[in-house]
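Trainee:
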Amino acid sequence: MAKERALVLGGGGPVGIAWEAGLAAGLHEGGVDVTRADFILGTSAGSFVGAQLAGRRDPASLARAQIEMGRAQAEEARDPNRPKPRPPDLTPLLRFFAEMPVEGETSVEVLKRIGAFALAAPTISEVDFLKTFGSLAQGPRAWPERFACTAVDAESGAFKVWSAADEIPLARAVASSCCVPGIFPPIEINGRRWMDGGMRSSTSADLAAAYERVLVVAVVAGGSGDPRLALLNARLERERAKIDECGGASEVITPDDASLEAFGSNLMNASRRAEIAEAGWAQGRREAERLAPFWN
Numbered sequence: 056m057a058k059e060r061a062l063v064l065g066g067g068g069p070v071g072i073a074w075e076a077g078l079a080a081g082l083h084e085g086g087v088d089v090t091r092a093d094f095i096l097g098t099s100a101g102s103f104v105g106a107q108l109a110g111r112r113d114p115a116s117l118a119r120a121q122i123e124m125g126r127a128q129a130e131e132a133r134d135p136n137r138p139k140p141r142p143p144d145l146t147p148l149l150r151f152f153a154e155m156p157v158e159g160e161t162s163v164e165v166l167k168r169i170g171a172f173a174l175a176a177p178t179i180s181e182v183d184f185l186k187t188f189g190s191l192a193q194g195p196r197a198w199p200e201r202f203a204c205t206a207v208d209a210e211s212g213a214f215k216v217w218s219a220a221d222e223i224p225l226a227r228a229v230a231s232s233c234c235v236p237g238i239f240p241p242i243e244i245n246g247r248r249w250m251d252g253g254m255r256s257s258t259s260a261d262l263a264a265a266y267e268r269v270l271v272v273a274v275v276a277g278g279s280g281d282p283r284l285a286l287l288n289a290r291l292e293r294e295r296a297k298i299d300e301c302g303g304a305s306e307v308i309t310p311d312d313a314s315l316e317a318f319g320s321n322l323m324n325a326s327r328r329a330e331i332a333e334a335g336w337a338q339g340r341r342e343a344e345r346l347a348p349f350w351n
């Protein structure tokens, strides 16, 4: 495998999926084709988007699917006879983030505690959760050789990077990377239960340190007092430092003001999915000019 370009797609719930899909479409439209990456690493939301891009799905098609889904959901929400779903409550999980050190890695003990919380939480079933992955869940879908995604063992706290070498179903691996503790069920793979890879890091960009050029998409959101914001920024800087140490270069894309406005305050609230994807698409077009010399 060539060691030139790597694309790192970070976590961010359904909001992150919509924004990253739109961003990829906008970058492609502006002449920055992220599907040309030699390695694509996804965490949580980024694992879903990354699996699609690594499989050579047209970015515009992926973004349009998010926009169409969002518009359909918005139409359903206008039906007065339909119950209005409440956005998932992230408060219990945020308490764990408040315990994580800004400097240094999160201890295995904290990850085990998060895992215990995830295993005990009442959620939809694993079967129903897997169904939400659409085409990825249809049969033994081929695993793109250049794609990997992250997860954490809910019992031991061990970090795992899934790849084609593991010979497991793509949908299960992506689902394990996406299952936010307390919101979705840990996924069974090889007799173990796995939870969201974002519990180790929202990006894990250090795993792409062997590549010459690394483009990191980080779903940074929240106010200045949000513990996730300080954690993500500190970890991302350490990960970029490792890329530098290995002789590589990195660029980062984070949501601009227009995208942040579309996001709202809860990354698990996808009620504005269409607007979020469109904001990402517009931002991608603007970012393409800056990133073209780096990527192309």
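When you line the sequence shown up against our numbering, it's residues 56 to 351, in that order.
Even glycine gets a Cβ: it sits at the ideal position worked out from N, Cα and C.
Note that the coordinates shown come from a computational prediction; the quantities given were computed from them, not determined experimentally.
(1) Out of 110, 213 and 328, which has the shortest C-alpha to C-alpha gap to residue 127?
(2) If you compare alpha carbons, which of 254, 303 and 342 is closest to residue 156?
(3) Could you check whether residue 209 and residue 170 sit closer than 7 Å to each other, using their CB atoms as the reference points?
(4) Are residue 75 and residue 275 closer than 7 Å when you measure CB to CB?
(5) If you reduce the DSSP assignment to three classes, tell me which class residue 344 lands in.
(6) Assign residue 307 to one of three DSSP states: helix, strand, or coil.
(7) Helix or strand or just coil, what does DSSP make of residue 234?
(8) In chain order, which beta strand (DSSP E) runs of at least 3 residues are fully inside the region 253-333?
(9) When burial is assigned at 16 or more other CB atoms within 10 Å of the CB, is residue 183 buried or exposed?
(10) By alpha-carbon positions, which one of 300, 238, 337 and 120 ends up nearest to residue 180?
(11) Could you pull the start and end residues of the alpha helix (DSSP H) that residue 74 belongs to?
(12) Counting Cβ pairs closer than 8 Å, one from the region 73-88 and one from the region 98-110, do we hit at least three?
(13) Considering only their Cβ atoms, is the gap separating residue 185 from residue 230 smaller than 7 Å?
(14) By DSSP, does residue 139 sit in helix, in strand, or in coil?
(15) For residue 266, which option in 306, 233, 71 and 246 has the closest C-alpha, if you only look at C-alpha atoms?
(16) If you drop the 5 nearest sequence neighbours on each side, which residues of the same chain put their C-beta closer than 7 Å to that of residue 219?
(17) Roughly how many angstroms lie between the CA atoms of residue 294 and residue 141, to the nearest whole one?
(18) Would you call the region 240-259 in contact with the region 110-128, where contact means no fewer than 3 C-beta pairs closer than 8 Å?
(19) Helix, strand or coil: how does DSSP classify residue 105 here?
Mentor: The answer reads as follows:
(1) 328
(2) Out of 254, 303 and 342, 254 has the C-alpha closest to the C-alpha of residue 156.
(3) yes
(4) At a Cβ-Cβ threshold of 7 Å, residue 75 and residue 275 do not count as neighbours.
(5) In this structure, residue 344 counts as helix in the three-state DSSP scheme.
(6) strand
(7) coil
(8) Entirely contained in the region 253-333, the beta strand (DSSP E) runs reaching 3 residues are, in chain order, 268-272 and 304-308.
(9) exposed
(10) Residue 180 has its Cα closest to that of 238, out of 300, 238, 337 and 120.
(11) 68-84
(12) yes
(13) Taking C-beta atoms as the reference points, residue 230 and residue 185 count as a pair closer than 7 Å.
(14) Note: residue 139 maps to coil in three-state DSSP.
(15) 306
(16) 198 and 200
(17) 35 Å
(18) With the cut-off at 8 Å, the region 240-259 and the region 110-128 do not touch.
(19) helix
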